[in-house]
Amino acid sequence: MKGFHLVVLLAAGPGIRDTQCGFKMFTRAAARKLFTNVRLKRWCFDVELVYLCKWFGIPMVEISVTWSEIPGSKVNLLSIPNMLWELVLMSVGYRTGMWKIGV
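Note that the UniProt record's numbering numbers the sequence shown so that position 13 is 13, with each residue one more than the last.
Below, the structure is given as structure tokens:
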């Protein structure tokens with residue numbers, strides 16, 4: 001997954017080490033701004049949330065969580081091209097203005 005994190009860094013920018021963490025909390029106002037603008041619904045949904053938080057200036061804090069890992073990856077190799085496609089789509093969409101961000 002290190003390669004994925006490098007691509008995420010290029011697409012969403014620096015600042016967050018783990019975009020795929022399953023725990024996220026938002027104020028109601030932040031959630032409204034974010035979820036009315038999010039387009040990705042699958043693999044890179046989390047990355048787009050980070051990007052939008054940065055766009056809106058919504059502060060993000062990473063907090064350690066005690067986690068019990070269940071053996072066996074939930075991601076198979078065939079998912080990797082889909083993840084990369086979503087990152088490219090997001091990056092191009094926002095950088096070219098094809099994806100507009102509403103306020």
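Idealized CB from N, CA, C, for every residue including glycine.
With respect to the alpha helix (DSSP H) encompassing residue i, which residues constitute its N-terminal and C-terminal limits?
{"i": "S91", "result": "80-96"}
{"i": "K74", "result": "Element bounds for K74: n/a, residue is neither H nor E."}
Could you tell me whether the Cβ of residue i comes closer than 8 Å to any Cβ of chain B?
{"i": "W43", "result": "Note that chain B does not occur in the displayed structure, where there is just one protein chain."}
Measure the Cβ-Cβ separation of residue i and residue j and say whether it is below 8 Å.
{"i": "E48", "j": "R42", "result": "no"}
{"i": "C44", "j": "L77", "result": "no"}
{"i": "L34", "j": "F23", "result": "no"}
{"i": "Y51", "j": "M90", "result": "yes"}
Determine the direct distance from the alpha carbon of residue j to that of residue i, and round the result to whole angstroms.
{"i": "Y94", "j": "F56", "result": "13 Å"}
{"i": "A31", "j": "I63", "result": "19 Å"}
{"i": "K54", "j": "S68", "result": "30 Å"}
{"i": "L6", "j": "P81", "result": "15 Å"}
{"i": "V92", "j": "T66", "result": "36 Å"}
{"i": "K100", "j": "P71", "result": "40 Å"}
Looking at the structure shown, is residue i part of a helix, part of a strand, or coil, going by DSSP?
{"i": "R42", "result": "coil"}
{"i": "F56", "result": "helix"}
{"i": "E48", "result": "helix"}
{"i": "F35", "result": "helix"}
Once you ignore the five residues that flank residue i on each side, which residues in its own chain have a CB closer than 8 Å to its CB?
{"i": "K74", "result": "none"}
Which residues in the same chain as residue i place their Cβ atom closer than 7 Å to its Cβ, once the five residues preceding and following it in sequence are excluded?
{"i": "D102", "result": "Residue identity check: residue 102 is Gly in the sequence provided, not Asp. Cβ within range, chain order: T36, N37."}
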